[in-house]
Amino acid sequence: MTLLNGLLAFGALAFTIPLAIHLLFRSRFKTVDWGAMHLLDTVVRVNRRRIQLLHLLLLLLRCLLPVLLALCLARPILTGFQTLPGDAPQSLIIAIDDSRSMSARDGGETGMSRMGRLQQALNAIVGGLSRRDEIILIRASDVGSPAASMGVQEALRQIKMLKTEYGPVDLDRLVRAAVEASDESSHPQRRVIIASDFQSQMVHSGVLESLERMATSLSAMTIRPVISFLNFGQDSEQLANVSVDSIDIESPAVVAGRNARYTARIRSSSDTPARDLRLVWSVDGQMLEPRTVTIPPRSSITSQLTRNIEQVGVHELSLLVEHSDALLSDNRRSIAVDVIREVSVLLVDGLPSDKPLEGETDYLAIALSPFAFGGQDQPDAVRTSVIEPEQLVNELNEQTPDVIIMANVASIEGESRQRISEFVNDGGSLILFDGDQVNADSYNTPWESNGTTWALPAQLGEIAGEPTDASGQLASEEPPPLPIGNANPLYTPWNLLGTEDQRPFADVEIYRYRKLTPNRVANLELDNDTADGPGPDATSANTSGAETNTVTNLLTMANGDPIAVSGRRGKGRVLQFAIPCNTAWSSLPMRLVYLPMVQQLVLDLAGSRKQTTLDVGSGFSVSLDEFVSATTSPQPKKAEGSPSLEDDQTNASVTYSVEYAGEPEELIENIEEGDSELLIPSTQRGGTYIFRKTLSQKAGSPEISSTLRVVEVPSTESKLRDVEAARLATAADLIDANIYTDRQE
């Protein structure tokens, strides 16, 4: 026995108070004889023992009262007795893997999914508990949320509602969450059940290392739970499954009204050919003409789609494989495609000319907008504007282009330099073409904007190759060309030009180019004194806040000298060419590769930067600028950043809502005035998330605009492969867990 408040037990000494009173009054007791006393002698002799016993009992009760009161305050606990195992209340913590692989169906007669078997087993386990028992359910899709205890009926209800639309989860995360929940449970008898199909990616080497570290904390726990693994994932390799593993956008940017290419990869894990599979592409739910394909055993194929989408905005593109297999949910995959308007490119001509193809940007303008120059009635993906260097500031004041191209501009100084630096820092793209007029020192000077200064991806050095005359043309009539190398195969926008073996640049002749040396530092933070000064100073930068420069060589000479380099600066990108964009130093503008090269390059630079397709479990944000009303009437500007505001002129209020994964539409209420985006901290289920902006007016129908995001389960969940028995046993031994394949064992 032990006492919770041991000091209060000394209060039992208060029993001496009634004892002292008894003894005190007994010493004062005197016997007085009187005349008739002899008549009571017989009665006194008969009742004396009874009276004495009564007095002793009263004294004992008076002494026991303070003793009992002190014991109650001390709160004694009996530790020598234990409840029978069947009668003791227990805390049951169940960690459930609700990833997509749990929806795989058995190959037997029942055809029950793994989640169905799990629900059946847990219903039997939970249904056998008493009302005194505590149950805690932890889902892999919500493993980071605080655990909550519940009763039997609530647990059965939640088990019935389990879905299987989450991505891969590591075993150590489930075990850690369950153990932490058990440490906060109410009853001393604690059980932890990890219910999963235990796929191979769930128990990798990092998981084993984490479980080994967890074993130390488990041994230090006051009450250690009993851990069990309930495995539902046997014989996964024998299940035949066809899945859409990926959909990729092959085009560097998707422009409204222009064809874009998409490629999907479909995989079969069956030992027999999957014949006559029906593939159905769809755009925003509108199905296209179906196709029929056959996949060889345990192989994959690709399906390509070329399609134009007329409307600007985010659209859903899906591919469905109509086939009955072990895992139906991965027969369909979607991506969100951000369709942009035509790309606006501002060409700054450093040496303009009235003669055809004599200006610095003439070849470039034709390559970027071939239909406009050819007089064809087709929309170009790129809209170009040609200006001279002194017009740059006024042009930027009127509109902001997607890409600025500087062609043989001698120097960039003053306000023009500051505006270009701000343009790049804010997310714009800058392309610099070299030439005989370019002042290398001007370009090599750091570019300052918004408290930071950045350098070009490469320093401009000396010019190599053939000399030029006073007009900038090559002095020799037939100069020997310098050998050119290959394009970077990792730069995917140029993969359309041809493979490395095809050598799309083999017929390009380069006679002269500038030496480019990659810079070591990309962005620097300026000191306050420097930021307030009149201009940037390379020696005044605070190198402690420097970012390491990552320069990508897109095209090189045969000797390794870079011809085109790219680097990220601020939120934008800067790309440098060591040659002009006309025929002064090379024959590149005269070759067939020139047009697709510059088009793919510009489309890549101007392409969407927003992440529209995400993996389940990750969070994302949606800019309020994406909600564009279908009507042409102007909307109140302040309503864009606030969820429910009244406008004095339109009497309109703005609300935002989201609908996802087949759930009812929900109003988004955590938006405050001045917010510029809708924030979704995490996603527990895959599917299409449709966001709507409703502009309600007192007069007339509400105006509704929408955008969307697609949340998909990674394709690794479709690769059904059980973890090796030895590896699972090792994981169980690290935390002293038992492995069961069904609840009867």
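So for the sequence shown, the numbering used here puts the first residue at 571; every next one is plus one.
We treat Cβ as the ideally placed atom computed from N, Cα and C, and that holds for glycine.
Just so you know, these numbers come straight off a predicted model, no measurement behind them.
Taking the alpha carbon of Ser813 as the reference point, which residue from Glu820, Phe799, Ser870 has its own alpha carbon closest?
Ser870
Distance check for Pro1166 and Thr1277, CA to CA, integer angstroms please.
31 Å
| query | Is the region 1285-1302 close to the region 791-808, with three or more CB pairs under 8 Å? | reply | yes
Kindly give me the distance between the Cβ atoms of Val1280 and Val1186, rounded to whole angstroms, as I take these residues to be in contact under 8 Å.
Rounded, the Cβ-Cβ distance is 10 Å, inconsistent with contact.
- Query: Tell me which same chain residues have a C-beta within less than 8 Å of the C-beta of Gln660, skipping the five on either side of it?
  - Reply: Leu699, Asp703, Glu704, His757, Gln759, Arg760, Arg761
**Request:** Helix, strand or coil for Asp1195, going by three-state DSSP, please let me know.
**Result:** helix
Look up Gln759 in the DSSP assignment and give the residues it is bridged to.
-> Gln660
Self-check item: Contiguous beta strand (DSSP E) assignments of at least 3 residues, all confined to the region 1225-1267
Solution: 1247-1250, 1257-1267
Tell me, which residues are paired with Thr862 by DSSP?
Arg848
**OP:** Tell me whether Gln728 sits in a helix, a strand or coil according to DSSP, three-state version.
**Re:** helix
Output the boundary residues of the alpha helix (DSSP H) element that contains Thr954. It is not in any alpha helix (DSSP H) - Thr954 instead sits in the beta strand (DSSP E) that spans 952-957.
Label Leu1060 either buried or exposed according to how many other C-beta atoms from any shown protein chain fall within 10 Å of its C-beta, with 16 as the threshold for buried. exposed
Task: Of the residues Lys733, Asp1077, Pro1150, Leu626, the one placed nearest Ser683, counting alpha carbons only - done: Lys733
Practice task
Can you tell me which of the three DSSP states Gly1035 falls into?
Solution key: strand
- Query: Under the three-state reduction of DSSP, which class applies to Thr734: helix, strand or coil?
  - Reply: coil
Problem set entry | Three-state secondary structure (DSSP) of Met791 | coil
| task | Apply the 10 Å Cβ neighbour rule to Glu886 and answer buried if 16 or more other Cβ atoms are within range, or exposed otherwise. | result | buried
* To do: Mind reading off the beta-carbon distance from Leu1026 to Asn1089? Whole number of angstroms is fine, and I expect it under 8 Å.
  => 7 Å
Practice task
Please confirm whether Asp767 and Ser671 have their CB atoms less than 8 Å apart.
Solution key: yes
* Asked: If you compare alpha carbons, which of Val915, Ile1305, Thr1153 is closest to Leu1000?
  -> Val915
Original post:
DSSP state of Asp932, grouped into three classes?
Top reply: helix
Val1283 versus Glu960: straight-line alpha-carbon distance, rounded | 52 Å
(message) Between Leu628 and chain D, is the shortest Cβ-Cβ distance under 8 Å, so that the two count as touching?
(response) The structure shown contains no chain D; it holds only a single protein chain.
### Query
Of all the beta strand (DSSP E) runs that stay within the bounds of the region 886-930, which reach a length of 3 or more residues?
902-910, 913-919
Exercise. Exposed or buried, what is Glu735 when buried is set at 16 or more other beta-carbons lying within 10 Å of its beta-carbon?
Worked result: buried
Discussion item. Does the contact criterion of 3 or more C-beta pairs under 8 Å hold for the region 1131-1149 versus the region 983-999?
Written reply: yes
* Asked: What is the residue span of the alpha helix (DSSP H) that Leu692 lies within?
  -> 684-697
Requested in this report: From the DSSP output, read off the bridge partner residues of Thr1277.
Outcome: Phe1261
Discussion item. Looking at Arg828: is its Cβ nearer than 8 Å to the Cβ of Val853?
Written reply: no
What are the start and end residues of the beta strand (DSSP E) that includes Arg1082? 1082-1088
Practice problem: Entirely within the region 782-832 and at least 3 residues each: give me those beta strand (DSSP E) ranges in chain order. | Solution: 796-801, 812-819
Distance, Asn978 Cα to Leu921 Cα:
7 Å
**Q.** Distance, Thr612 Cα to Asn618 Cα
**A.** At residue 618 the sequence reads Arg, which differs from the Asn that was named. Taking the straight line from one Cα to the other gives about 10 Å.
C-beta atoms of Thr1126 and Ser1188 nearer than 8 Å
no
Check your understanding: Comparing alpha-carbon positions, which option in Ser715, Ala674, Ile905, Met731 lies nearest Leu692?
Key -> Met731
> Cα separation between Leu1249 and Thr1225?
Replying inline: 15 Å
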